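Comments concern the structure below.
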């Protein structure tokens with residue numbers, strides 16, 4: 001059962017049960033929606049940007065443990081970061097969860113390293129990040145895991 | 149009275165059931181998505197390529213004659229399987245989805261205008277929703293949806309009210325893929341016929357679980373997919389009353405569906421060939437015929453129904469004893485599928501953890517998002533039964549669900 005333990009690490013279960021930064025952000029100036037139509041996951045991100053700094057970020061939605069925990073941990077790790085820093089984080093996170101290396105200095109986000117052993121779950125882990133990228137780029141269409 | 153199903157013997161017919169998943173025996177409970185194939189079907193497909201591979205309905209040579217004979221024999225098997233009167237009423241299609249689209253395009257479209265209505269139900273699979281929405285958008289007709297109650301049963305009084313002289317088709321699932329609800333099709337057909345409304349029955353989730361007799365049901369069209377009935381993928385059957393098929397325009401143009409072609413005029417072939425343009429899925433048809441004989445003659449559909457009824461009762465009881473588990477869809481008559489949610493755990497996570505135990509179930513919306521919405525859940529986990537499943541496998545499922553709870557609520 002070591003594989004399962006790798007996937008459902010305690011920090012992931014914790015953030016699934018008690019998601020951080022969950023709820024509406026009243027003074028948001030950026031937003032984006034993400035969908036995983038295969039699982040019915042829905043994610044709604046709101047950000048308050050000041051210049052190119054993510055001053056605050058909150059999310060709402062429902063989904064599996066991996067997608068909710070990923071959204072929760074992402075909001076924690078990008079708050080206070082610049083746009084470029086957030087991009088850089090995703091630049092390391094993505095290869096880690098797809099098993100192409102990377103990781104090693106991602107802190108709590110390394111909890112998702114086990115995802116690479118479960119290819120069908122990669123989309124769950126990256127939905128929040130793709131949605132963040134859409135929000136940062138000012139895109140308004142819903143991001144779907146089933147596009148590209 | 150048919151002989152009871154010998155599940156040990158039946159399991160021996162399916163080589164894939166010996167698969168080990170990460171060292172654990174495969175427990176295949178995703179039969180509503182697709183069923184496994186018995187050796188008999190696999191052998192028939194191989195034999196077809198080894199002994200009669202040729203195109204059908206055209207060659208004068210030995211192999212072509214053989215292939216044509218095997219292909220047309222499969223049509224007879226499908227005819228017997230459905231209790232149909234006439235093999236000309238059997239049209240081979242890619243699957244249920246294509247059958248619904250064929251009826252929508254070729255039967256309903258020409259008779260549909262603004263103000264007319266199409267009636268479906270809240271239980272339908274997307275494949276029995278979207279083709280009708282497309283027609284609605286093209287014609288200005290209205291799409292009406294018969295509601296279901298909290299058990300996941302059709303509300304018959306509402307169906308009665310929704311059937312009107314303007315209804316040009318009533319298209320209804322025989323068995324719900326998401327909830328397992330068995331609809332009272334014969335009664336529904338009776339209600340529709342009294343108002344002169346033709347009925348298409350989506351039998352995708354029905355034919356592998358109990359005997360179907362289209363003449364007894366009284367419907368106008370009946371569709372099913374081979375791969376959900378222990379046959380190959382990419383092949384299915386549309387049964388339609390000959391009088392309808394005769395009157396319908398062809399659905400796709402091409403070879404085999406014509407008698408003669410000039411640039412000025414084409415004379416269409418007779419039914420059912422009019423609806424089978426192009427070289428068909430010959431191996432699929434032969435494999436499907438074999439699967440239908442396996443079900444009807446070798447195992448017996450009454451025996452299958454009795455075996456699965458026992459399993460359904462057992463599974464419902466055992467799952468009901470799992471803490472935090474809620475069964476979605478509690479119709480009085482169910483077949484095949486049991487949908488459920490586990491408190492505090494998303495179905496996708498349930499599926500991943502069960503997979504680690506070698507247990508294959510489906511998680512998600514099951515291509516029936518309106519059903520999910522009706523029950524206020526984004527998704528469910530669905531265990532679906534086949535003739536080779538056992539009580540021990542239900543026990544394994546229950547043990548797997550306990551494991552899920554251990555991971556999520558330590």
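Residue numbers (the working numbering), protein chains in the order written: chain A, 1 to 148; chain B, 149 to 558.
Built from N, CA and C at the ideal position, the CB exists for glycine as well.
Since the model is a prediction, treat every value here as computed from it, not as a measurement.
The C-beta of residue 199(B) has fewer than 16 other C-beta atoms within 10 Å across all chains shown, which makes the residue exposed.
One Cα belongs to residue 547(B), the other to residue 445(B), and the distance between them is close to 35 Å.
Look at the stretch 328-347 of chain B: it has no residue with a C-beta under 9 Å from a C-beta of chain A. The Cβ atoms of residue 452(B) and residue 549(B) do not sit closer than 8 Å to each other. Assignment of residue 187(B) by DSSP, reduced to helix, strand and coil, places it in the helix class. In the structure shown, residue 389(B) falls within a coil segment according to DSSP collapsed to helix, strand and coil.
Straight-line measurement puts the Cα of residue 529(B) at about 37 Å from the Cα of residue 287(B).
Nearest Cα to residue 440(B) within the set 231(B), 480(B), 414(B), 273(B): 231(B).
Excluding five sequence positions before and after residue 181(B), the CB atoms of its chain that fall closer than 6 Å to its own CB belong to 510, given in chain order. Judged by DSSP secondary structure, residue 490(B) falls within the beta strand (DSSP E) whose first and last residues are 485-490. At a cut-off of 8 Å between C-beta atoms, residue 125(A) does not count as an interface residue with respect to chain B. Residue 512(B): member of the beta strand (DSSP E) spanning 510-512, first to last residue. In the three-state reduction of the DSSP assignment, residue 406(B) falls in the strand class, which pools E and B. Along the stretch 56-82 of chain A, going in chain order, the ones with a CB nearer than 9 Å to a CB of chain B are 62, 63, 64, 65, 66, 67, 68.
Taken in chain order, the members of the stretch 108-123 of chain A whose beta-carbon sits within less than 7 Å of a beta-carbon on chain B are 118, 121. Not a single C-beta of chain B is nearer than 8 Å to the C-beta of residue 52(A). Annotation for residue 101(A): 95 place their beta carbon closer than 8 Å to its own, counting only its chain and skipping 5 residues before and after.
Residue pairing of residue 370(B) in beta bridges, as defined by DSSP: 349(B), 387(B).
Contact note: residue 555(B) reaches chain A through 4, 8, 13, using a C-beta cutoff of 8 Å and chain order.
Using a CB distance cut-off of 8 Å, residue 38(A) counts as an interface residue toward chain B. DSSP places residue 244(B) in the uninterrupted alpha helix (DSSP H) bounded by 244-250. Going by DSSP, residue 482(B) is part of no beta strand (DSSP E) at all; its letter is neither H nor E. Of the residues assessed, residue 266(B) falls on the buried side of the cut-off, its CB having 16 or more other CB atoms within 10 angstroms. Per DSSP, the unbroken beta strand (DSSP E) holding residue 46(A) starts and ends at 41-50.
Taken atom to atom, the span from the alpha-carbon of residue 377(B) to that of residue 356(B) is near 5 Å.
Spanning the alpha carbons of residue 141(A) and residue 126(A) requires a straight line of approximately 17 Å.
In terms of Cβ geometry, residue 260(B) and residue 316(B) form a close pair [threshold 8 Å].
Looking from the CA of residue 526(B), the closest CA among 188(B), 495(B), 454(B) belongs to 495(B).
For the 8 Å CB-CB criterion, residue 262(B) and residue 289(B) form a contact. Within 10 angstroms of the beta-carbon of residue 57(A) lie 16 or more other beta-carbons, which makes it buried.
Here residue 235(B) has 223, 224, 227 as same chain residues with Cβ atoms under 7 Å from its own Cβ, once five neighbours each way along the sequence are excluded. Put simply, of 87(A), 38(A), 78(A), 50(A) the residue whose alpha carbon is nearest the alpha carbon of residue 59(A) is 78(A).
Under DSSP, residue 553(B) takes part in no beta bridge, so it has no partner. Listed in chain order, the beta strand (DSSP E) elements of length 3 or more contained wholly in the stretch 227-300 of chain B are 238-241, 265-269, 290-294. Note that the C-beta distance between residue 70(A) and residue 36(A) is not below 8 Å. Residue 176(B) is bridged by DSSP to 508(B).
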